Amino acid sequence: LSDEQNGELFEVLDREGRYLGIMPRAQVHRTGQWHRSVHVFLFDAEGRLWIQRRAATKDLFPNRWDLSVGEHLRAGESFARGALRGLAEELGLPAVLLEPLGGTRTYCFDGTERGIHDHELQQTFRATWSGTPEADGVEVAALACVDAATLAEWIARAPQEFTPWFLHELAQRPGLGNFAAAMNGHHEPREND
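In this text, residue positions in the sequence shown follow our numbering: the first is 1048, and each later residue adds one.
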């Protein structure tokens, strides 16, 4: 569904995270309003990372590989609840133990060609799951479980196959160990890469 059709409402904030009101998702992205989102890096029992390929219907970076889960928060939703909702909706997982990776950070993506100005206050978590998640088939086209060396080689060969926020998180977030090293010297692709 398009942003206009799905009717999602976001809390609009200032850059410091102070509440300003509620707006439809499409309007938030059109006007560059600050809003909250959450990312989850899901690892298997052997320390490999689950990544998802975004569905072809996504408005930004369709068919690109992304972190395990990324969610915009609903009005009134906490970062942890948004993370758990995303794990359930996109990967079919029950509640898992979430470990915060640092504090809230800002991230901006201005996709001027598409009229999207995504200005987010983000919180990132890591979690471990010993089973095999299942792609929902709507937002997630496929899943892959990769070790740090494989991901580093893949990024070096084809960084344009990944979302810019995934590469940004790998480069900037503490607590990702060898996976952060996968970004050593690689740029974040732009919208038209």
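Beta carbons: idealized from backbone N, C-alpha and C, even for Gly. Owing to the predicted nature of the structure, the values given are computational and were not obtained by experimental measurement.
Problem set entry | Alpha-carbon to alpha-carbon, residue 1126 and residue 1147 | About 10 Å.
For this session: Take residue 1115 as the anchor and find which of 1089, 1198, 1106 has the nearest alpha-carbon.
Result: 1089
Exercise. Any idea what DSSP makes of residue 1080, helix, strand or coil?
Worked result: For residue 1080, the secondary structure class from DSSP, reduced to helix, strand or coil, is coil.
Problem set entry | Whole-angstrom distance between residue 1166 and residue 1059, CA atom to CA atom | Between residue 1059 and residue 1166, the C-alpha separation is close to 10 Å.
Exercise. Among residues of its own chain, excluding the 5 on either side of residue 1149, which ones have a beta-carbon nearer than 8 Å to its beta-carbon?
Worked result: 1171, 1220, 1221, 1222
Exercise. What does a CB cutoff of less than 6 Å around residue 1050 pick up in its chain, not counting 5 residues either side in sequence?
Worked result: Its pLDDT being 42, under 50, residue 1050 is placed unreliably in this model, and the value from its coordinates should be taken loosely. For residue 1050, where only same-chain residues beyond five positions count, the Cβ hits under 6 Å are 1072, 1073.
Exercise. Since residue 1096 and residue 1226 are thought to touch, with beta carbons under 8 Å apart, how far apart are those beta carbons, to the nearest angstrom?
Worked result: Confirmed, Cβ separation roughly 6 Å.
For this session: Determine, using beta carbons only, whether residue 1121 and residue 1057 come nearer to each other than 9 Å.
Result: It is a contact, given that the beta carbons lie within the stated cut-off.
Exercise. Less than 9 Å separating the beta-carbons of residue 1137 and residue 1099?
Worked result: Yes, they are a contact pair.
For this session: Have a look at 1091, 1211, 1077, 1101 and flag the residue whose alpha-carbon is nearest the alpha-carbon of residue 1154.
Result: 1211
Exercise. For residue 1190, which of 1101, 1129, 1107, 1140 has the nearest alpha-carbon?
Worked result: 1101
Problem set entry | Where residue 1208 falls: helix, strand or coil (DSSP) | helix
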